[in-house]
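Worksheet for the structure shown next.
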Amino acid sequence: MNILTEKFTTPYHAAPFNSIKNEDFLPAFKELIKKSEDEINDIVSNPEAPTFENVIEALAFSGEQLDVVSNIFFNLNSAETSDEIQKIAQEVSPLLTEYSSKISQNEALFSKIKKVYDNKETYQLNEEQQMLLNETYKGFVRSGALLNESDKEKLQKISMDLSVKSLQFGQNVLASTNAYFKHITHKEDLAGIPEAILDQYAEEAKEKELEGWVVTLQYPSYIPFMTYAENRELRKELALASGKKSFDGGEFDNQELIKELLTLKQQKAELLGYQNYADYVLEERMAKSPAKVLDFLNELLTKAKPYAEKEIEELKSLAKADGIEDLQGYDHSFYAEKLRKQKYDFNDEELKPYFPLDQVQEAVFGLAGKLFGLRFKERNDIPKYHEDVKVYEVTEQPEDHFKALLYVDYFPRKGKRAGAWMTSYKNQYKKDGENSRPHISIVCNFSKPTKDTPSLLTFQEVTTLFHEFGHALHGMMAETEYPGLSGTSVKWDFVELPSQFLENFCYEPEFLKTFAKHYKTGEVLPDEKIEKIEQSKNFMEGYQTMRQLGFGLLDMNYHTKVAELENESVKEFEDKYTKATTLYPINPETAMSPSFSHIFQGGYSAGYYSYKWAEVLDADAFQYFKETGIFNPETASKYKILLSSGGTKDPMELYKSFRGSEPKVESLLKRAFG
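In case it helps, full-length UniProt numbering puts the sequence shown at residues 1 to 674.
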């Protein structure tokens, strides 16, 4: 018996992590793919006339267990991977791609879908059913259902190649990140670095059975070093190592892989009748076209650049006092921190004692309670994939009914990729009279507690936790009929609204005072520091905006101008399209594209602009909360409808029904630059 192919007997049918063996995965995938294919064959061979129920709805609920096992496996591949899991991923990915292609290119199935679609006026469909029908039909057309046999085969091969190569891209970045560490034996080389961070570096050295201290390229190790280390040569060395991730010509180099991925995407777009991959992607986004995205990014670039240049001039003045005439990118974090301390008289390390992880988590749970009536109770009887993970049962008041399971996984380890993300093990849906609730997970990389100190967060990490929890709320609050329209299954440039929106609460004194308390003394963060946090909210906002715009412009150009890479290196292309947003001298030895996982491994291809797009949405949405009161129950109730609706409605219509009008870019400019 394979536990992955049976109905889970755990509470709430949670993933039985403690009983799963790696060798269960491949046979389970094979069996569940076969089972899902049989479900599709049942739809196709049904002798009755095609209807919404026996075609569209049946398809929406097919492959249920396969989806669950896929979520378990690929989430483990991100959060608790191993050589064995990565090897299985290389075998499984082509199988899943082939399975998806078989469905999307099943002519008999598409014929039935088309009949239902062509006769949709004869059915009495509600809004969500209409959306499911339209999305299903469009999904098949965009997957090549209208192509001839030869082109379908070409598309299938392209999809399989993309699946394998994007996976390889991510594995190369992880391996390249893990391959480097800096062993430091002289404490004077660590001047400026706070004691808590030094303890962390000492722990990292101990783990490697070394004396002294070890700094790695993992963010919780790398970022504090770049922010506080007075040793400029070591900052340069670390920055160079980080900038060479998968860009050093070694076995984990991603440069050729980037060209291969982009060429495959272009071929896919052309095969489906689009000019380029960005056209193909943006048809399904709020933004609709590359031209509109570029206009949006360039408008922000024009308005933000003067602020950014002014910020860099301030840093240059500071550096000159230290005898540095040629401020470089690897100096930025160090002098930005100095300037922030000078201007606002605090640094991250001073604030960290006020933000122990447990208190911050309690605060975000409390906020969800105040706005949406949610309660969180830790469950120790639900299996976990690592001892660091905690699982919470989420209920909704006043009826106290079960809403979701929430997994939280906060600390870095070798088998976990960098960064922070929200994901789901199981979507919400309604079937056979049952409202099947979601299982959601938040994964971060915060500093681990030591034997003397709890995990203490920088203020930026506090906002990161709120950000990911905003995504989690989108998943947990879902109230839709169909799993494919549930939770975060929305247009990509709408998906960041709930996450970025929640970050705004971190800057509200009224809320901040409820949880920013010193872990030793219980003292509330003093008013003057809270005021400084508020004032510093937009510190280096120009620089950060330029950085995000650089990523967005590079992404959009990669996916509209791939032909240029025939005669240019990845580095030349990157430098050309980020030049307008670059504020420091370009280093010929480094490039960020080879580790740009968001667009080459994740789902942000031709979509990175959506972070800024969503900032307009979140600034406008929070402006509404501020106008009515940040805990106003009526406003929260309207926002709850937006969260719970998932992808059942056009996002702009959904937003307008919450806000009463379309979002205004002025809300973002006002928040960012006053």
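Using N, Cα and C, we set each Cβ at its ideal position, and we do this for glycine too.
May I ask you to report which of helix, strand or coil DSSP gives residue i?
| i | result |
| --- | --- |
| M422 | strand |
| W213 | strand |
| P449 | coil |
| E568 | coil |
| Y639 | helix |
| S436 | strand |
| I184 | strand |
| Y655 | helix |
| Y507 | helix |
| Y429 | strand |
| A606 | coil |
| K259 | helix |
| K517 | strand |
| W492 | coil |
| S70 | helix |
| P306 | helix |
| H386 | coil |
| T5 | helix |
Residues in its own chain within less than 6 Å of residue i by CB, not counting five upstream and five downstream?
| i | result |
| --- | --- |
| E461 | F446 |
| E479 | S644 |
| I312 | L583 |
| A671 | In the sequence as presented, Ala is not what sits at residue 671; that position holds Arg. A619. |
| Y274 | Y280 |
Classify residue i as buried or exposed, calling it buried when 16 or more other Cβ atoms lie within 10 Å of its own Cβ.
| i | result |
| --- | --- |
| M1 | exposed |
| P398 | exposed |
| A191 | exposed |
| A291 | exposed |
| H471 | buried |
| D38 | exposed |
| F469 | buried |
| A621 | buried |
| A108 | exposed |
| D527 | exposed |
| F402 | exposed |
| D348 | buried |
| E393 | buried |
| residue 676 | No answer is possible for residue 676: the residues shown for the chain start at 1 and end at 674. |
| Q90 | exposed |
| S441 | buried |
| G674 | exposed |
Who are residue i's beta bridge partners in DSSP?
| i | result |
| --- | --- |
| V173 | DSSP, once it has assigned bridges, lists no residue as partnering V173. |
| F376 | V394 |
| M409 | The identity of residue 409 in the sequence shown is Asp, whereas the question assumes Met. Its beta-bridge partners are V443. |
| L456 | P356 |
| H13 | DSSP, once it has assigned bridges, lists no residue as partnering H13. |
| H401 | E396 |
| V524 | K517 |
Among the options, which one has its Cα closest to the Cα of residue i?
| i | options | result |
| --- | --- | --- |
| V443 | L59, T648, Y410 and N41 | Y410 |
| residue 702 | Y117, K310 and N380 | Any question about residue 702 goes unanswered here, given that the chain covers just 1 to 674. |
| M556 | Y577, T578 and A606 | A606 |
| I3 | E48, N54, V44 and V68 | V68 |
| F61 | K316, S111 and D42 | D42 |
| R437 | T395, S82 and E149 | T395 |
| P454 | Y354, F539 and E23 | Y354 |
| L406 | S593, Y558, D161 and I382 | I382 |
| I641 | D650, G629 and L654 | L654 |
| T464 | R340, F511, V360 and H186 | V360 |
| G660 | K431, Q623, Y180 and A14 | Q623 |
| S101 | R142, I85 and I312 | R142 |
| E662 | K626, A619, E627 and E153 | A619 |
| C166 | K664, E666, A672 and F600 | Before going further, note that residue 166 is Ser rather than Cys in the sequence given. Looking at the Cα atoms, F600 is the closest of the given residues. |
| Y577 | G250, T635, P633 and K561 | K561 |
| L565 | K529, Q266 and E204 | Q266 |
Any beta carbon from chain C within less than 8 Å of residue i's own beta carbon?
| i | result |
| --- | --- |
| I20 | Absence of chain C from the displayed structure is noted, only one protein chain being present. |
Among residues of its own chain, excluding the 5 on either side of residue i, which ones have a beta-carbon nearer than 7 Å to its beta-carbon?
| i | result |
| --- | --- |
| A319 | L327, D331 and Y335 |
| Y117 | L133 and Y137 |
| L301 | L549, A580 and T581 |
| H474 | G487, T488, P498 and L643 |
Which same chain residues end up closer than 8 Å to residue i when comparing Cβ atoms and leaving out the 5 residues on each side of it in sequence?
| i | result |
| --- | --- |
| I20 | I3, L4 and I72 |
| F631 | K370 and L371 |
| Y222 | V215, T216, L238 and S242 |
| E574 | L554, A591, M592 and S593 |
| L271 | G144, L147, D151, K154, L155 and I158 |
May I ask you to check if the CB of residue i is nearer than 7 Å to at least one heavy atom of the ligand MG?
| i | result |
| --- | --- |
| S101 | Annotation note on the ligand MG: not contained in the displayed structure, which lists no ligands. |
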